Every structure is written in structure tokens, then in C-alpha cells.
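In our numbering, the protein residues as written are 45 to 445.
Glycine residues also receive a C-beta, built at the ideal position from the N, C-alpha and C atoms.
This one's a predicted model, so the numbers in the text were calculated from it and none came from an experiment.
First up is the structure itself, then whatever we jot down about it.
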């Protein structure tokens, strides 16, 4: 477990400061909701995080963490902040069962009033009914697959999402594919919660949008090294483009199998292939792959300062700017919601959940093009916030028309 409550250096971060030190300590839970006051007499508000810090998906999880840490720093550096914020973080190792264990510990032992993180779709699908039952507001910042928000009545829905959903990514990507003059697609996906739910979303959006024919859909298991049978079947269907719905390393394996059968077709799909886990395993085979995105240094008035601060403070741990940005927005949204609640002390999780749906433009210093949540919409981004990028010859993602 990592507990973070850190000081900041004025003048360098997005709002007021950069963090200067990382304190690693024991469990912060003291049997109270939120905690006692800090040295300045401010109530301590505790936010919990479960993310993948080791193993598959760690690139995403570690960027979730540094983005959340920066949000905590910037908030605490503001002398007008009502609370002192702490982040309590656990590694879920990309294991849905560990996500459940972490959430239970954060709520019952650490007494957090809100949660963030969520790296895997399978983990978020397990988390959603759990936090709805506990009534603790949770903003996920990576997992895009599955219906994790809007699954219960609005008043009982404690799940929110700050990142791009797979449904929004596929809708945007399919429209972009149509704009390229392509009409036939093959879907290649992992046979897990992330892959199947995302592929289902592609099929649903293709039917809704029209003008696109899915000529082949093939699944494979994580870690499969020989996909030549599935790919040969899809190649024979003569698609214009391949839509991948798989984890980064598995897409690399797919590209290697494509090379084995001499198949060279455009590849597009969700942001799972963003970052080193893909570029280091795919190498030159990754050149030309298309990836939807939702963050650049020009996205909002705060984006450039955020990016500069993250690079200065977190260095090579800051490898996925969009992920860190979504995480930053999530934590700042939780803290903004807490400040909207009337009364003394740290507000209850139920009050924070309600306040999250009442935030207005200007309440949160968003670094992405997120929109405030409403009672009926717990998704911060839709397809209008997304743009297409492509890996260039140096395996750097650059915007494309």
C-alpha cells in the first residue's frame, strides 16, 4: 500500500505547485470517515486508488497513479483548499479478484470517501456492483469496456468514468474509417471481458451507423503466439481495415502473425496499444497503427502546464499523458465535489456522489475536454472529444486528419 500526502513547490505545476517528496507509510485508516485534521487544522479527506502497478497493464496503472498524485499535490498547494487530501493506493496486479479485495480494504479499513483507478475492464466490472452496494463514488480512469456506468437507477449509481469508453472510441473510429472510404472491417479481439465487450460495442455501433460491413470476427486468448488461422480466415474475407480489440502485447503478437502470412492491412482500434508496452514489443511492425486519443497539450487552457509539470516531476514514469490526464481530472473532480457539499468536516460518500452530478463548468480545472457529470450521464467524454493519431516511423503517435 502506498499513502501519499506531499508538499509542493510553488510556481511549477498546473495550478500552484509540483510535488517534491513522496512519503511511503502504513495504513491511513483510523476508524473515522475522512480522518483527523492536519497541521493546519484542515480535515483530511482520503481518496482510494486501485490500479495495476505491476505486470501486464502496469504502464497504464503507473500513469494513473502519477496523475492522481499530481492532482493531490496541486490541490494541497492551494491555501484556499478546504481539506488536506491524501491518496491511498494499492496494486491490483491486473487481477479482478485483487481489485475486489483492494476496494473492500480501502472502504472498510482505510475509510476512504471516494475511489479512483480501475485499469482492467474485468476489474471494473467487478468493482461496479461493489461500490454501488457500499455507496462510495468511484471514477475510473482507464477501463473502457463494459457497461460500468448507468447500470442502476441514477440515484444508486456510484460509478463514473473519466476516460474514453470503448463504445465512444469505436463509434468515433468507425466514423473515421468511413471518412477514409473504407467500408469492410475485420474484428480481431481478446477472448476476455475487455476484448469481447469491446468487440460487441464495435458491432453495435457499426449496425447503428450503417455503411460498414463486418466481414470477419475472430477471437484469441491472451498470450496466444500463433494467430495465423484466425488471421487467414479474416484475410480471405477481404476487409479494408482490421479493428483490433486486444491488449498491447497481444496486438504485437497479432502483427507478427500477420507478417508470417504476408498480410499487410491498416490496423485501427482502441488506446490499449498506446505506450511502451506496445512499442517495445511490436517494434517496427507498429508503424502505421491508428489509435484514438483525447489529450494533447492544446486540449484546454491547463493542458500545457499540466504536461510540463508532469514531465518535470515524474520523468520516465510519465509515459502515457492521456492516462495521467484522465486520472488528474478524476481526482480534481472528487475534490471539487467535496467542496460543494455544505457543512463542517469531510462530507459523506453519498453527499460527494450527489455533488459530482452537480458540478458546473469552471468548478474543475480539467486538463482534458471532459464535461461535468450529470445525474443521468456519468461519462465525462464522448466521441466528440476524440481525435485520431497514428504511429510514425519513430513509433511516436502523431495526429492525423
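Taking 8 Å as the cut-off, the beta carbon of residue 375 is found closer than this to the beta carbon of residue 115. Taking 4 residues as the shortest admissible run, the region 158–236 contains the following complete alpha helix (DSSP H) segments, listed from N- to C-terminal end: 165–178 and 210–223. By a beta-carbon distance limit of 8 Å, residue 416 does not contact residue 427. Their separation comes to about 18 Å.
Judged by beta-carbon spacing, residue 189 lies within the 8 Å limit of residue 237, meaning their Cβ atoms are closer than that value.
Annotation for residue 170: 140, 141, 143 and 144 place their beta carbon closer than 8 Å to its own, counting only its chain and skipping 5 residues before and after.
As a beta-bridge residue in DSSP terms, residue 337 pairs with 431.
Taking every protein chain shown into account, the CB of residue 85 has fewer than 16 other CB atoms within 10 angstroms, so this residue is exposed. Every alpha helix (DSSP H) stretch that sits fully inside the region 337–393 and reaches 4 residues is listed by chain position as 347–358 and 365–384. Here residue 306 is exposed, its C-beta having fewer than 16 other C-beta atoms within 10 Å.
Setting aside the 5 residues that flank it on each side, residue 383 is surrounded in the same chain by 126, each with a C-beta closer than 7 Å to its C-beta; the list follows chain order. For residue 127, there is no enclosing beta strand (DSSP E), as DSSP gives it neither H nor E. Here residue 184 has 162, 168 and 205 as same chain residues with Cβ atoms under 6 Å from its own Cβ, once five neighbours each way along the sequence are excluded. Using a Cβ distance threshold of 8 Å, residue 301 and residue 271 count as a contacting pair. Only residues of its own chain outside the window of five on either side were considered, and among them 315, 318, 366, 430, 431, 432, 433, 441 and 443 have a CB closer than 8 Å to the CB of residue 337, listed in chain order. A distance below 6 Å between beta-carbons, with the five flanking residues on each side excluded, links residue 392 to no residue of its chain.
In the assembly as shown, residue 321 is a buried residue. Its beta-carbon has 16 or more other beta-carbons within 10 Å.
About 4 Å separates the beta carbons of residue 108 and residue 95, which is inside the 8 Å limit, making them a contact pair. Within the region 265–331, the complete alpha helix (DSSP H) segments of 4 residues or longer fall at 272–280, 292–304 and 320–326, listed in chain order.
In terms of CA proximity to residue 138, 187 leads the group 242, 187 and 420.
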